[in-house]
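Undergrad: Residue numbers (my numbering): 29 to 106. After the structure tokens below, expect a handful of questions from me.
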């Protein structure tokens, strides 16, 4: 991100952290109820648990759209 005319602002990271695994839920009717959760890994079990926990707070008749980005890890065989 540019900060000023000729300066570049860089966000510092640690060398030990190479990826960030996040699950999130956004309620468009109540933005303040946005939920973000960091997991050591994203797999079917973690996603099922997360969606199940979200289902507890929403009526069963309400649809929950799910968006998966399918982001791969560097060096991962697709």
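Even for Gly, the Cβ is constructed at its ideal location relative to N, Cα and C.
Under DSSP, the beta strand (DSSP E) around residue 65 begins and ends at which residues?
TA: Stepping through the chain shown from its first residue, residue 65 is reached at position 37. Counting along the chain, residue 65 sits inside the beta strand (DSSP E) bounded by residues 63–66.
Undergrad: Would you kindly report the start and end of the unbroken alpha helix (DSSP H) that includes residue 80?
TA: Taking the chain shown and counting its residues from 1, the one referred to as residue 80 is at position 52. First-last of the alpha helix (DSSP H) with residue 80: 72–83.
Undergrad: Answer yes or no: do residue 49 and residue 70 have a C-beta to C-beta separation smaller than 7 Å?
TA: Residue mapping note: residue 49 aligns to position 21 of the chain shown, counting from 1. Residue mapping note: residue 70 aligns to position 42 of the chain shown, counting from 1. A Cβ-Cβ contact shorter than 7 Å links residue 49 with residue 70.
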